[in-house]
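Visitor: Counting with numbering that gives the first Met the number 0, you get residues 0 to 226 for the letters of the sequence shown.
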Amino acid sequence: MSTTNQAFNERVIYTGLKRMTNDRTVVANAFQHWQKTLASSAFDIVEVVSEIESFLGLDTNEKKRLMIAMHSASSKLLDELDAVPGYLNGGAADIAVPTEQGDDDKIVKQQPPMIIAISEFLIEFTKQFSRASPSDVRDFASACRNEIRISHGSFERALGTFAGAHFSAIDVPLDISLSDCKEAVNAMYNLASEFIGPMEVDRVQFKTIENLLNMEFATRFDPRELI
0 MSTTNQAFNE RVIYTGLKRM TNDRTVVANA FQHWQKTLAS SAFDIVEVVS EIESFLGLDT
60 NEKKRLMIAM HSASSKLLDE LDAVPGYLNG GAADIAVPTE QGDDDKIVKQ QPPMIIAISE
120 FLIEFTKQFS RASPSDVRDF ASACRNEIRI SHGSFERALG TFAGAHFSAI DVPLDISLSD
180 CKEAVNAMYN LASEFIGPME VDRVQFKTIE NLLNMEFATR FDPRELI
C-alpha cells in the first residue's frame with residue numbers, strides 16, 4: 000500500500016469518526032483499533048464500519064452516520080479532507096483535556112463499551128463462580144492461569160494475570176475483537192464446567208449477564224453478545 004493511499008484511508012476514517020461523534024476519546028480508540036486490525040488490509044468501508052461497530056458497540060444511528068460520512072469522504076480528493084490530528088497517531092487511547100481551571104492537562108481514560116463489557120463479565124463470572132463453589136476457587140484460579148488458551152496472545156496473558164490476582168481486576172487489550180471476547184468467555188465456561196458442571200455454570204453465566212445488564216455500559220453494548 001502506498002503512503003498516499005494510506006494517508007487517504009486515514010483521512011476517510013477520521014472524517015467518518017468525527018462525523019459520528021464529537022468525543023475525542025471514542026474517535027481515538029476507534030481509529031487506533033482500525034490501525035491495529037485493518038490498516039494493512041485492502042480498504043473496504045463496509046468491513047471497516049462493521050469492525051468499528053463491533054468494537055464500540057454502535058447503535059443503528061451511529062453506524063449509519065459513520066457509513067454515510069465515510070462513503071462521502073471516499074469520493075473526495077486527499078487535499079479536500081481534514082488532516083488526521085497528531086493525537087490519533089500517538090499509540091495511546093488517553094486524551095488530554097483541559098481542566099475547568101485551565102491549569103495543567105489531566106488524562107481522561109474512556110474505554111470502548113465492548114472492552115468494559117468483557118472486563119466486567121470476567122470479573123462478575125468469577126465472582127458468581129466463587130459463590131457457587133467457594134471450595135473450588137483456588138483450584139479454578141490455578142487452572143485459569145495455567146490452562147486457558149485463546150488465539151489472542153496478549154489477552155491470554157491478561158487472563159493469566161487476572162487469575163493470579165485472585166480475579167480482582169483485568170487489563171483487557173484494546174485491540175481485541177468480539178470473536179476474541181467470545182473465545183475467552185467460552186474457554187472460561189468450559190473450564191468452570193470441569194469443576195461444577197455445565198448446569199451450574201449455566202446458572203453462573205445467567206446471573207452474570209443479568210447483573211451486567213443493569214450496568215451503564217449495557218446501554219451501548221449488549222453483554223449477551225459475549226456468549
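A virtual CB, placed ideally from N, CA and C, is assigned to each residue, including glycine. Everything numeric in this text was worked out from a predicted model, so none of it was measured.
Consult DSSP for Ser129 and reduce its assignment to one of helix, strand or coil.
Guide: Walking along the sequence shown from the start, residue 129 turns up at place 130. Helix, per DSSP.
Visitor: Kindly indicate which three-state DSSP category His151 falls into: helix, strand or coil?
Guide: Residue 151 sits at position 152 when you count from the first residue of the sequence shown. Coil at His151, not helix or strand.
Visitor: The alpha helix (DSSP H) with Ala27 in it runs from where to where?
Guide: As a working note, residue 27 is residue 28 in the sequence shown. Where Ala27 is concerned, the enclosing alpha helix (DSSP H) stretches over Arg23 to Thr36.
Visitor: Taking Cβ to Cβ, would you say Leu37 is nearer than 8 Å to Glu50?
Guide: Here residue 37 corresponds to residue number 38 of the sequence shown, with the count starting at 1. Here residue 50 corresponds to residue number 51 of the sequence shown, with the count starting at 1. Result yes, Cβ atoms of Leu37 and Glu50 sit closer than 8 Å.
Visitor: Might you give, ordered along the chain, the residues of its own chain that have their beta carbon closer than 8 Å to the beta carbon of Asp138, omitting 5 neighbours on each side?
Guide: Here residue 138 is taken as the residue at index 139 of the sequence shown, counted from 1. If the five residues before and after Asp138 are omitted, its C-beta is found closer than 8 Å to the C-beta atoms of Phe194, all from its own chain and listed in chain order.
Visitor: Under the criterion of a Cβ to heavy atom distance below 7 Å, does Ala162 qualify as lining the ligand ZN?
Guide: Looking for the ligand ZN in the displayed structure turns up nothing, as the structure carries no ligands at all.
Visitor: Can you check whether the CB of Glu182 is closer than 8 Å to the CB of Arg149?
Guide: Start at 1 with the first residue of the sequence shown, and residue 149 comes out as number 150. Start at 1 with the first residue of the sequence shown, and residue 182 comes out as number 183. A small correction: the amino acid at residue 149 is Ile; Arg does not occupy that position in the sequence shown. In this structure, Glu182 lies closer than 8 Å to Ile149 by Cβ.
Visitor: Please list, in chain order, all residues of the same chain as Glu99 whose beta carbon is under 7 Å from its beta carbon, the five residues on each side excluded.
Guide: Against the sequence shown, residue 99 aligns to sequence position 100. A caution first: Glu99 carries a pLDDT of 44, below 50, which makes its placement in the model too unreliable to give a value.
Visitor: First and last residue of the alpha helix (DSSP H) that includes Glu182?
Guide: Translated into the one-based positions of the sequence shown, residue 182 becomes position 183. DSSP places Glu182 in the uninterrupted alpha helix (DSSP H) bounded by Leu177 to Ile195.
Visitor: With a Cβ-Cβ cutoff of 8 Å, do Leu121 and Ile175 count as a contact?
Guide: By one-based count along the sequence shown, residue 121 stands at place 122. By one-based count along the sequence shown, residue 175 stands at place 176. It is not a contact, given that the beta carbons lie outside the stated cut-off.
Visitor: DSSP state of Pro172, grouped into three classes?
Guide: Walking along the sequence shown from the start, residue 172 turns up at place 173. Coil at Pro172, not helix or strand.
Visitor: Using three-state DSSP, classify Gly90 as helix, strand or coil.
Guide: Residue 90 sits at position 91 when you count from the first residue of the sequence shown. Residue placement at Gly90 cannot be trusted, given a pLDDT of 43 that sits under 50; what the coordinates show is reported in the next sentence. If DSSP states are grouped into helix, strand and coil, Gly90 belongs with coil.
Visitor: Excluding the 5 residues preceding and the 5 following Ala140 in the sequence, name in chain order all residues of the same chain whose CB lies nearer than 7 Å to its CB.
Guide: Counted from its first residue, the sequence shown places residue 140 at position 141. Same-chain partners within the cutoff: Ala162, His165 and Phe166.
Visitor: Using beta-carbon positions only, say whether Val184 and Ile115 come within less than 8 Å of one another.
Guide: On the sequence shown, residue 184 is found 185 positions in, with the first residue counted as 1. On the sequence shown, residue 115 is found 116 positions in, with the first residue counted as 1. No, the Cβ-Cβ distance between Val184 and Ile115 is not below 8 Å.
Visitor: Inspect the CB distances between the stretch 6-20 and the stretch 75-89 and report whether three or more fall short of 8 Å.
Guide: yes
Visitor: How far does the alpha helix (DSSP H) with Ile51 in it extend, from its first residue to its last?
Guide: Within the sequence shown, numbered from 1, the residue matching residue 51 stands at position 52. Where Ile51 is concerned, the enclosing alpha helix (DSSP H) stretches over Ile44 to Leu55.
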